[in-house]
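Some notes on the structure that comes next.
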Amino acid sequence: MLTLKEITLVHLTATLLNNGFTLLIMKRYRDDVWKEIIRLIISTCNIPLTLQVEIIDLLKPFALEIHNWMVDHKRIFTKKQAKSIQFCFHADGTVNRIKTADTLIHSKWLDDTTQFVLACQYWCCWDVLTFFNNLSESTRKQIRNTYTTEKENLNKHEVNVVQWLHLFKEGRCFSEPQQGVCSIFIMTGQT
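All residue numbers for the sequence shown refer to the working numbering, where the first residue is 1264 and numbers rise by one.
If you want it as structure tokens, here you go:
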């Protein structure tokens, strides 16, 4: 079980990384430079010096977690969207992928198509169906046109959307859970 100190460190580190500025500094400067900049920033927050050092030490592993999530979700988001993502973290410092995705799917700032593509990566078909049915008719038509036309070089996320649309077209998506229907995504490895 994690201590209150460890949980607090995770929360403070996650908050610092979610502001966007911290990741930018970490990418642009050498380790010694960005660490000094971050130290100056967090020194104004009345955080004890020992915790400041620990937060700075946690930034790199947290940033790697974010990087890995972004690599796994490459080509879903525009560059502008990617800069605005607020990541959710588990108490152990790993990205909470499901909570992060759910937060993004329910966000007001992402466009409907991006939310739908992300939903197809994380949700079972009946949840995607509910989401899809709540979209405007024009958005549903745009999604069907975009992802049902023959396209070469689909990325793994687009393949999941196409698979869901095939299930939908075949009437295999239901408004309530059905035994074995969502296992198609798990068995194909398209998550």
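All C-beta atoms in this analysis are idealised placements derived from N, C-alpha and C, irrespective of residue type, glycine included.
query: In or out: residue 1308 buried (at least 16 other Cβ within 10 Å) or exposed?
result: Working through the sequence shown from its first residue, we reach residue 1308 at position 45. Exposed.
field: Same chain, Cβ closer than 7 angstroms to residue 1333, neighbours up to 5 away in sequence not counted
entry: Taking the sequence shown and counting its residues from 1, one reaches residue 1333 at position 70. 1345, listed in sequence order.
message: Along the chain, where does the alpha helix (DSSP H) containing residue 1386 start, and where does it finish?
response: Residue mapping note: residue 1386 aligns to position 123 of the sequence shown, counting from 1. Neither: residue 1386 is in no alpha helix (DSSP H) and is coded neither H nor E.
query: If residue 1361 sits next to residue 1379, beta carbons under 8 angstroms apart, how far is it from one beta carbon to the other, in whole angstroms?
result: Position 98 of the sequence shown, counted from the start, is the residue given in the question as residue 1361. Position 116 of the sequence shown, counted from the start, is the residue given in the question as residue 1379. Wrong, their Cβ atoms sit about 17 angstroms apart, outside the cutoff.
- prompt: Around the Cβ of residue 1448, are there at least 16 other Cβ atoms within 10 angstroms (buried) or fewer (exposed)?
  reply: Locating residue 1448 in the sequence shown gives position 185, counting from the first residue. Legend: pLDDT at residue 1448 = 43, less than 50; position of this residue unreliable, no value from coordinates given.
field: First through last residue of the alpha helix (DSSP H) which encompasses residue 1414
entry: As a first step, residue 1414 is located in the sequence shown; it is residue number 151 there, counting from the start. From DSSP, residue 1414 is part of no alpha helix (DSSP H); its letter is neither H nor E.
Residue 1391 - partner residues in DSSP beta bridges: Translated into the one-based positions of the sequence shown, residue 1391 becomes position 128. The partner list for residue 1391 (beta bridge, DSSP) is empty, contrary to what the question assumes.
query: If you draw a straight line from the C-alpha of residue 1268 to the C-alpha of residue 1313, how long is it?
result: Along the sequence shown, read from residue 1 onward, the residue named residue 1268 stands at position 5. Along the sequence shown, read from residue 1 onward, the residue named residue 1313 stands at position 50. Their backbone Cα atoms lie some 11 angstroms apart in a straight line.
field: Delimiting residues of the alpha helix (DSSP H) encompassing residue 1313
entry: The residue you call residue 1313 lines up with position 50 of the sequence shown. Its alpha helix (DSSP H) spans residues 1312-1335.
message: Starting from residue 1289, trace the alpha helix (DSSP H) in both directions and tell me its first and last residue.
response: Reading the sequence shown from its first residue, position 26 is the one you call residue 1289. From DSSP, the alpha helix (DSSP H) with residue 1289 extends over 1284-1291.
query: Does the count of Cβ pairs from the region 1320-1329 and the region 1282-1299 closer than 8 angstroms reach three?
result: Between the region 1320-1329 and the region 1282-1299, the count of Cβ pairs shorter than 8 angstroms is three or higher; the stretches touch.
- prompt: Which same chain residues, not among the five before or five after residue 1302, have their C-beta less than 7 angstroms away from its C-beta?
  reply: As a working mapping, residue 1302 is identified with position 39 in the sequence shown. Hits under 7 angstroms: 1315, 1319.
- prompt: Taking contact to mean at least 3 C-beta pairs separated by less than 8 angstroms, is the region 1336-1352 in contact with the region 1376-1394?
  reply: yes
task: Alpha carbon to alpha carbon, how far is residue 1431 from residue 1425? Give it in angstroms, no decimals.
output: Counting from one through the sequence shown, the residue named residue 1425 turns up at place 162. Counting from one through the sequence shown, the residue named residue 1431 turns up at place 168. One C-alpha to the other measures close to 10 angstroms.
field: Bridge partner(s) assigned by DSSP for residue 1358
entry: Locating residue 1358 in the sequence shown gives position 95, counting from the first residue. As DSSP reads the structure, residue 1358 sits in a beta bridge with 1352.
- prompt: If residue 1416 and residue 1350 are in contact, beta carbons under 8 angstroms, what's the gap, nearest whole angstrom?
  reply: As a position in the sequence shown, residue 1416 is number 153, starting the count at 1. As a position in the sequence shown, residue 1350 is number 87, starting the count at 1. No, residue 1416 and residue 1350 are not in contact; Cβ-Cβ is about 29 angstroms, not under 8 angstroms.
- request: Output the distance between the C-alpha atoms of residue 1422 and residue 1272, rounded to the nearest integer angstrom.
  value: Locating residue 1422 in the sequence shown gives position 159, counting from the first residue. Locating residue 1272 in the sequence shown gives position 9, counting from the first residue. Distance between the alpha carbons of residue 1422 and residue 1272: 38 angstroms.
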